[in-house]
Amino acid sequence: MTTYRKKMDKQLKKYQHSKIYIIKSPSTDLYYIGSTVGSLKDRFDKHKSAYNVYCRRIKEDPDGLTDSSTNRRIGGYCKSFKILCFDDAYIQKLENYKCNSRRELYKREAYIIKHINNNEKIDGKENIVNNNNYTITYN
66 MTTYRKKMDK QLKKYQHSKI YIIKSPSTDL YYIGSTVGSL KDRFDKHKSA
116 YNVYCRRIKE DPDGLTDSST NRRIGGYCKS FKILCFDDAY IQKLENYKCN
166 SRRELYKREA YIIKHINNNE KIDGKENIVN NNNYTITYN
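This is how it looks when you write it as structure tokens:
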């Protein structure tokens with residue numbers, strides 16, 4: 066087996082364990098949907114680490130995150146930060162999704178986001194976003 070073939074087989078196996086997840090908090094109605102091929106704990110830790118770095122950068126140099134020529138924010142910001150600012154934020158798996166590539170995984174993630182945002186059925190199953198404890202269930 067060639068090195069290229071081994072690399073492709075490893076890549077395909079990696080995506081067989083993909084997950085779509087949601088980050089949420091009882092303190093807000095906001096939510097963030099993402100995907101990963103790793104563990105949810107590792108992914109959540111990466112989100113929290115990025116959030117902490119972003120907060121530190123803002124404290125050290127509030128203007129350092131703004132491009133002075135366009136007055137636009139640059140780098141380091143993720144929508145999950147709006148939820149991670151709450152101490153009770155957590156991650157929850159929405160589904161396991163076997164696929165063969167990052168493109169397929171992102172396509173499924175976009176599909177889930179679209180249908181949840183529009184409160185539509187996902188694969189023929191009702192999706193209910195309960196704003197009290199913010200869980201998503203499939204009936």
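With our numbering as the guide, the letters of the sequence shown map in order to residues 66 to 204.
A virtual CB, placed ideally from N, CA and C, is assigned to each residue, including glycine.
Computed from a predicted structure; not experimentally measured.
request  = Please confirm if the segment 98-106 is in contact with the segment 162-180, defined as three or more CB-CB distances below 8 Å between the two stretches.
outcome  = Yes: at least three Cβ pairs fall under 8 Å.
inquiry  = Assuming Y155 and K89 are in contact, meaning their beta carbons sit under 8 Å apart, how far apart are those beta carbons, in whole angstroms?
reply    = Taking the sequence shown and counting its residues from 1, the one referred to as residue 155 is at position 90. Taking the sequence shown and counting its residues from 1, the one referred to as residue 89 is at position 24. Indeed they touch by this definition, with Cβ atoms about 7 Å apart.
message = Let's see if you can read the secondary structure: which residues bound the beta strand (DSSP E) around K158?
response = Within the sequence shown, the letter at position 93 stands for residue 158. Bounds of the beta strand (DSSP E) holding K158 are 155-162.
message = Can you give me the C-alpha to C-alpha distance between T68 and K75, rounded to a whole angstrom?
response = Here residue 68 refers to the residue found at position 3 when the sequence shown is read from its first residue. Here residue 75 refers to the residue found at position 10 when the sequence shown is read from its first residue. In a straight line, the C-alpha of T68 is about 11 Å away from that of K75.
query = So the beta strand (DSSP E) K89 belongs to, where does it begin and stop?
reply = Position 24 of the sequence shown, counted from the start, is the residue given in the question as residue 89. Annotation for K89: the continuous beta strand (DSSP E) segment containing it runs 83-89.
request  = My understanding is that I85 touches L149, with C-beta atoms under 8 Å, so please give their C-beta distance in whole angstroms.
outcome  = As a working note, residue 85 is residue 20 in the sequence shown. As a working note, residue 149 is residue 84 in the sequence shown. Their Cβ separation, rounded to whole angstroms, is 18 Å, which puts I85 and L149 out of contact at 8 Å.
task = Just the C-alpha distance for D110 and K71, rounded to the nearest angstrom, thanks.
result = Reading the sequence shown from its first residue, position 45 is the one you call residue 110. Reading the sequence shown from its first residue, position 6 is the one you call residue 71. Going by the C-alpha atoms only, they are around 30 Å apart.
ask   = Do H112 and S145 have their C-beta atoms closer together than 8 Å?
value = Working through the sequence shown from its first residue, we reach residue 112 at position 47. Working through the sequence shown from its first residue, we reach residue 145 at position 80. Yes. Within cutoff.
task = Go ahead and label S114 buried or exposed: buried means 16 or more other beta carbons lie within 10 angstroms of its beta carbon, across all protein chains shown.
result = If you number the sequence shown from 1, residue 114 lands on position 49. Burial call: exposed.
message = Suppose you measure from the CA of R167 to the CA of P91; what does that come to, to the nearest Å?
response = Stepping through the sequence shown from its first residue, residue 167 is reached at position 102. Stepping through the sequence shown from its first residue, residue 91 is reached at position 26. Looking at the two C-alpha atoms, the distance is approximately 31 Å.
task = With DSSP as the reference, label K179 as helix, strand or coil.
result = Taking the first residue of the sequence shown as position 1, residue 179 is located at position 114. The answer is helix: DSSP assigns K179 an H, G or I state.
ask   = Would C211 pass as a contact of Y80 if the rule is Cβ separation under 8 Å?
value = Beyond the ends of the chain as shown, which are 66 and 204, falls residue 211; an answer cannot be given.
With 16 other Cβ atoms within 10 Å as the buried cut-off, status of S83 = Within the sequence shown, numbered from 1, the residue matching residue 83 stands at position 18. Buried, by the Cβ-count rule.
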